[in-house]
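Numbering (the UniProt record's numbering), first residue to last: 1 to 429. A virtual CB, placed ideally from N, CA and C, is assigned to each residue, including glycine. All values derive from a computational prediction rather than experimental measurement. The structure appears right after this line, and notes come after that.
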């Protein structure tokens, strides 16, 4: 379940009086009017204080809320999508700070502030902000690949496919039949314009950005497969450099895009970008470009494009997941504290997996590895020979640097540490 539903379920199980308000993008006056109406209809013991009341500011509405919660018994107040409230009132944080110190902190009330924008939510509790040290942070992460495997009853390789498509988002997984393969699920979900798979990306984009935001243009470019600064710039119709840099920083602050440098013993400026959420990456690659076709009942055309591009898309999407999985792994070579990849401007060489003592410039390379994520082709002698050649071209690596192979379909050679889909899923348990 998502953040809002999690809070709702917590309230239900607690049995305590509560008030749950979800902000939106309407003007503050409209939201405040709705806030008062919903508070009056809540089960707070003093909800009648809101009846017939008019308030023009959040300060007035929240002050009334402080009076409405019980003075000597527990209650719960949830302010959902609070970044929208803050956007409409630049003084909201100061208002909350004053009311928390003078009113809410003196009552047995649990105040939950919920938001989807991580950068905004983290900033609320920073040392230079009014609400500093007044809240405990909790990040509600998506389901892990192990959770997905258990929920859907899928073998490891197919569970990883499901995780790449859904990003571990509960609302999509709820519509994924137990035991269904990725192809089975997509054949049902893609043609349906109201399925969670098709609408989730629309909601995510609308929640994070206004329709004309430059960051949206950049996100679409990265989602379509553009990974370097120059290729993103070209795909963004020559956006000015300052706007491009600012937009990329916004995407990184919001944790929607990850920027990585090659990991080796030599400094590099060859930064690459990828969409952090694999579901959003899938949605931007296939679903958003095909929304018009889905709406006119031609989801079959979208399915055909997915089928043609699936192997290549999955091969690229699985690499960040594998690196993140290895960061959780015990038993890597001694001194491994960072896991990344290595590439040059010409992609010769390009190494999928690199272990090192630190990043991005290492003193010691602890291992190099290759990812082969194909249905029916194991890691073989050709792949091993290529990895050995690339190791010889990598700054900091040598003939004694251990070799790793992560393969979907097995390994036919000796001399490498082989990791299977089962190993990867188990790392998340």
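Check	Outcome
Cutoff 7 Å; reference residue 71; Cβ partners in own chain excluding five residues on either side	107
Chain-order list of residues whose beta-carbon lies under 6 Å from that of residue 277 (same chain, five-residue window excluded)	167
Contact between the segment 256-268 and the segment 129-142 (3+ Cβ pairs under 8 Å)	no
Inter-residue spacing [alpha-carbon to alpha-carbon] between residue 87 and residue 81	11 Å
Inter-residue spacing [alpha-carbon to alpha-carbon] between residue 156 and residue 200	25 Å
Inter-residue CB distance, residue 45 and residue 17 (contact presumed, cutoff 8 Å)	6 Å
Endpoints, the beta strand (DSSP E) within which residue 339 is located	338-343
Closest by C-alpha distance to residue 176, when choosing among 151, 193, 194 and 160	151
Length-filtered (4 minimum) alpha helix (DSSP H) runs lying within the segment 260-285	278-282
Contact belief for residue 109 with residue 78 at Cβ below 8 Å, rounded distance in angstroms	Not a contact, Cβ separation roughly 11 Å.
Residues sharing a beta bridge with residue 356, DSSP	338 and 365
Backbone secondary structure at residue 131 - three-state DSSP	coil
Cβ-based burial, residue 95 [other Cβ within 10 Å; buried from 16]	buried
Inter-residue spacing [alpha-carbon to alpha-carbon] between residue 220 and residue 284	6 Å
Whole-angstrom distance between residue 136 and residue 222, CA atom to CA atom	34 Å
Residues near residue 204 in its chain [Cβ-Cβ closer than 7 Å; skip 5 each side]	280
Where the alpha helix (DSSP H) containing residue 161 begins and where it ends	156-166
Cα-Cα separation, residue 407 to residue 102	59 Å
Length of the line joining the Cα atoms of residue 274 and residue 50	48 Å
For residue 418 and residue 367, the rounded distance between their alpha carbons	13 Å
Alpha helix (DSSP H) segments (min. 4 residues) lying fully within the segment 172-243	182-189, 196-208, 214-223 and 229-235
Contact under 8 Å by Cβ, residue 227 with residue 272	yes
Residue range of the unbroken beta strand (DSSP E) whose run includes residue 114	Looking at the DSSP string, residue 114 is not in any beta strand (DSSP E), and its letter there is neither H nor E.
Sequence-distant residues of the same chain with beta carbon closer than 7 Å to residue 193, five excluded per side	294 and 295
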